[in-house]
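**Q** Residue numbers (my numbering): 58 to 680.
Backbone N, C-alpha and C fix where the C-beta goes; we use that ideal spot for every residue, glycine too.
Pasting the structure below:
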């Protein structure tokens with residue numbers, strides 16, 4: 058799922074937290090809560106290694122897991138794993154994104170659209186043998202409604218819920234406070250009540266200390282090592298049919314070149330990149346034996362975001378964002394000094410489309426373009442004039458300075474693992490330098506800490522967009538702001554604009570698709586005019602796999618779409634092993650030995666503990 062915590066304009070948001078993942082921290086968590094998983098030790102801890110007659114599909118990913126709890130998971134890799142572990146009420150069709158049955162076989166609303174009734178299928182079972190029922194769904198949704206920790210990732214979906222009940226094993230009834238257009242697009246993993254009701258603290262339980270983990274999706278998670286791998290086995294009892302690969306492994310590579318090298322050697326079956334392969338990597342793989350490169354329109358946007366001034370919902374200001382960026386003229390001047398066509402041609406080398414509105418053209422119903430008179434086109438001269446009007450004129454040294462005489466210098470947060478950030482950063486230094494503005498490109502492995510502390514001026518940003526755009530629009534509402542200073546929250550960049558919020562509330566309550574699309578486009582227009590988000594490009598999904606290990610799989614959309622990070626589980630569920638293929642190494646075993654050249658472990662000096670930090674990974678964040 059790529060929208061994980063779609064929030065509503067007046068809904069409470071859950072808080073994101075740092076999650077202790079292993080070492081003494083894991084022991085502390087285990088002592089304080091019950092672990093969803095097989096209650097029996099021994100065999101539950103055994104690795105499901107690839108062996109004779111076992112087919113394994115190994116996926117190289119450039120992003121580490123933030124949490125295996127579906128209540129906490131935010132990163133694309135984590136939410137992708139959640140889709141494989143747990144069923145949702147509905148799903149999206151791989152061909153054209155229309156809603157199809159999931160755990161629910163059918164659904165209907167009352168005439169006033171305030172009551173929704175879902176029929177829960179009778180042929181879905183949890184991996185421990187129990188039937189999945191409406192009671193599991195009701196418990197999941199009610200827990201998110203009443204527990205702030207459980208609402209961290211997807212709480213905004215239920216913020217408008219009045220009451221959720223399960224009058225029978227096959228009937229789920231949701232009563233709303235007001236109409237909600239996302240009722241067939243609730244990207245919420247349904248968990249087994251009999252397992253999860255034993256958890257004492259949803260805000261800290263990471264779901265990663267005892268295996269296998271009970272689920273009802275196409276795969277069952279059997280093993281996990283922080284910053285190394287996630288292992289899953291095929292669920293032979295999955296109601297839609299068992300996956301064709303026996304085992305699926307997500308292996309983490311901090312170094313993208315190492316992941317590509319592993320694909321060449323046959324050590325992995327598939328590589329997605331961070332979030333895509335570079336043009337040079339893709340070109341080199343096209344000529345390699347037994348490797349196919351998939352290059353298709355993506356579902357992501359790539360942008361520069363502005364910190365307009367970090368603040369809480371209550372209005373408390375914090376952080377050290379540059380005050381000049383509170384001026385719309387300054388923000389717009391910066392964006393008018395960005396040559397988007399050069400970014401597409403020189404950085405993405407044509408494997409992208411020039412950015413305009415907030416939603417990629419792949420979702421044509423919601424795709425928006427600024428009018429000719431509205432567009433902030435590349436025009437350094439006009440950008441300079443705007444800065445003059447804002448009071449930042451060039452001094453004798455050619456530097457822009459304010460009335461206080463201080464030079465106009467900015468910092469931009471950069472993801473150290475994303476080569477695009479570094480490349481675009483150099484262009485920004487050149488383009489903005491010509492305007493008389495200094496820029497420090499601050500590349501970090503962990504951008505979460507400064508981001509949520511509001512200690513940045515600008516940042517490279519990017520999100521995967523779902524067929525329903527609610528989530529990516531919600532992260533700019535006032536309701537998404539943190540409750541407390543420097544606390545993790547659903548907000549993307551501390552944006553809070555009442556006219557935008559009003560439009561957001563209207564689109565959420567609008568059931569007519571055409572009318573709702575008009576409202577979403579008005580929201581995009583408002584966001585564009587405010588100058589907080591400069592969408593530079595819509596990158597292609599550039600990824601590759603070994604044809605001697607994978608005979609076939611499904612893209613989304615099926616005609617020309619992505620394989621990794623889909624709005625569903627179609628690619629890995631449908632993947633067919635090539636004849637005689639072993640599918641690469643299994644990615645690790647119960648001994649915990651790290652696998653692969655690119656595998657990285659985060660060690661915190663001072664304690665020696667391994668921490669799965671809830672890092673902000675906007676270069677390849679949520680779906």
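Where does the unbroken beta strand (DSSP E) through residue 329 begin, and where does it stop?
**A** Careful: residue 329 lies outside any beta strand (DSSP E) and carries neither H nor E.
**Q** On the premise that residue 217 lies in contact with residue 600, defined as a C-beta separation below 8 Å, what is that separation, rounded to the nearest angstrom?
**A** Between residue 217 and residue 600 the Cβ distance is about 36 Å, and since that is not below 8 Å, they are no contact.
**Q** Output the distance between the C-alpha atoms of residue 254 and residue 156, rounded to the nearest integer angstrom.
**A** Rounded to whole angstroms, residue 254 to residue 156 spans 30 Å at the Cα level.
**Q** Which one or two residues does DSSP pair with residue 276 in a beta bridge?
**A** 291, per the DSSP bridge assignment.
**Q** Check for me: the alpha helix (DSSP H) holding residue 509 runs from which residue to which?
**A** 505-510 is the extent of the alpha helix (DSSP H) around residue 509.
**Q** Which value, in whole angstroms, describes the spacing of the CA atoms of residue 550 and residue 513?
**A** Those two C-alpha atoms are separated by around 10 Å.
**Q** Can you give me the C-alpha to C-alpha distance between residue 624 and residue 358, rounded to a whole angstrom?
**A** Going from the Cα of residue 624 to the Cα of residue 358 covers about 16 Å.
**Q** Hey, would you say residue 504 sits closer than 8 Å to residue 472, going by beta carbons?
**A** Cβ atoms of residue 504 and residue 472: closer than 8 Å.
**Q** Would you identify the three-state DSSP class for residue 528, choosing helix, strand or coil?
**A** It is helical.
**Q** Specify whether the region 319-327 and the region 592-606 touch according to this definition: at least 3 beta carbon pairs, one from each stretch, less than 8 Å apart.
**A** Yes, the region 319-327 is in contact with the region 592-606.
**Q** Using only CA atoms, which one of 302, 377, 402 and 416 lies nearest to residue 609?
**A** That would be 302, whose Cα lies nearest to the Cα of residue 609.
**Q** When burial is assigned at 16 or more other CB atoms within 10 Å of the CB, is residue 147 buried or exposed?
**A** Buried, because 16 or more other Cβ atoms sit within 10 Å of the Cβ of residue 147.
**Q** Taking its Cβ as the centre, do 16 or more other Cβ atoms sit within 10 Å of residue 461, making it buried, or is it exposed?
**A** Answer is exposed; the Cβ neighbour count stays below 16.
**Q** Are the region 410-420 and the region 520-533 touching, with three or more C-beta to C-beta distances below 8 Å?
**A** Judged by Cβ distances under 8 Å, the region 410-420 makes contact with the region 520-533, as three or more pairs qualify.
**Q** What number of angstroms, rounded off, separates the C-alpha of residue 397 from the C-alpha of residue 518?
**A** Cα-Cα distance, rounded: 15 Å.
**Q** For residue 649, I'd like the list of residues in its chain whose CB is within less than 7 Å of its CB, leaving aside the five on either flank, ordered along the chain.
**A** Because residue 649 carries a pLDDT of 29, less than 50, the predicted location of this residue cannot be relied on, and the following value inherits that uncertainty. Within the same chain, residue 649 has close Cβ partners 282.
**Q** Is it a yes or a no for the region 221-235 touching the region 259-275, going by three-plus beta-carbon pairs under 8 Å?
**A** Contact between the region 221-235 and the region 259-275 is absent, because fewer than three Cβ pairs lie under 8 Å.
**Q** Relative to the C-alpha of residue 453, which candidate in 447, 464, 446 and 298 has its C-alpha closest?
**A** Ranking the options by Cα distance to residue 453, first place goes to 464.
**Q** So which of 135, 247, 181 and 239 has the shortest CA-CA distance to residue 195?
**A** Considering only alpha carbons, the answer is 247.
**Q** Taking only the alpha-carbon atoms, compute the straight-line gap between residue 129 and residue 122 and give it to the nearest angstrom.
**A** Looking at the two C-alpha atoms, the distance is approximately 11 Å.
**Q** Mapping DSSP to helix, strand and coil, what is residue 570?
**A** Of the three classes helix, strand and coil, the one that applies to residue 570 here is helix, per DSSP.
**Q** Between residue 100 and the rest of its own chain, which residues show a CB-CB distance below 6 Å, the 5 nearest in sequence each way excluded?
**A** Confidence is the limiting factor: at residue 100 the pLDDT is only 27, short of 50, which leaves the residue's position unreliable, though a coordinate-based value still follows. Nothing listed; no residue qualifies.
**Q** Short of 6 Å in beta carbon distance, which residues of its chain neighbour residue 272, apart from the five on each side in sequence? Order them along the chain.
**A** Answer for residue 272: 142, 143 and 184, listed in chain order.
**Q** In whole angstroms, give me the CA-to-CA distance for residue 380 and residue 249.
**A** Cα-Cα distance, rounded: 48 Å.
**Q** Using the C-alpha atoms, what's the distance from residue 516 back to residue 231?
**A** Using only the alpha carbons, I get a separation of about 39 Å.
**Q** Evaluate the contact criterion for the region 442-459 versus the region 334-352: three or more CB pairs, one atom per stretch, below 8 Å.
**A** In short, these stretches do not touch, since the Cβ pair count stays below three.
**Q** What does the Cβ neighbour count give for residue 211, buried or exposed, with the cut at 16 atoms within 10 Å?
**A** Under this definition residue 211 is a buried residue.
**Q** Using the Cα positions of residue 495 and residue 154, report the straight-line distance between them to the nearest angstrom.
**A** Cα-Cα distance, rounded: 44 Å.
**Q** When you compare only the Cα positions, how much space is there between residue 102 and residue 288?
**A** Its pLDDT being 30, under 50, residue 102 is placed unreliably by the model, and the measurement read from it follows with that caveat. Approximately 12 Å between the Cα atoms of the pair.
**Q** In this structure, does DSSP put residue 148 in helix, strand or coil?
**A** In this structure, residue 148 counts as strand in the three-state DSSP scheme.
**Q** Taking residue 219 as part of the beta strand (DSSP E), name the residues at either end of that continuous run.
**A** Note, residue 219: beta strand (DSSP E), 218-225.
**Q** Below 6 Å CB to CB, which residues in the same chain sit around residue 458 once its five sequence neighbours on both sides are set aside?
**A** The answer, listed in chain order, is 452 and 464.
**Q** Where residue 164 and residue 188 are concerned, what is the direct C-alpha to C-alpha distance, given to the nearest angstrom?
**A** Each residue's alpha carbon lies about 20 Å from the other.
**Q** Helix, strand or coil, according to DSSP, for residue 236 in the structure here?
**A** The answer is coil: DSSP assigns residue 236 none of H, G, I, E or B.
**Q** Would a C-beta distance cut-off of 8 Å place residue 362 and residue 393 closer than the cut-off?
**A** Going by C-beta atoms, residue 362 is not nearer than 8 Å to residue 393.
**Q** Using a 10 Å radius around the Cβ and a threshold of 16 neighbouring Cβ atoms, would you call residue 192 buried or exposed?
**A** The residue is buried, with at least 16 neighbouring Cβ atoms inside 10 Å.
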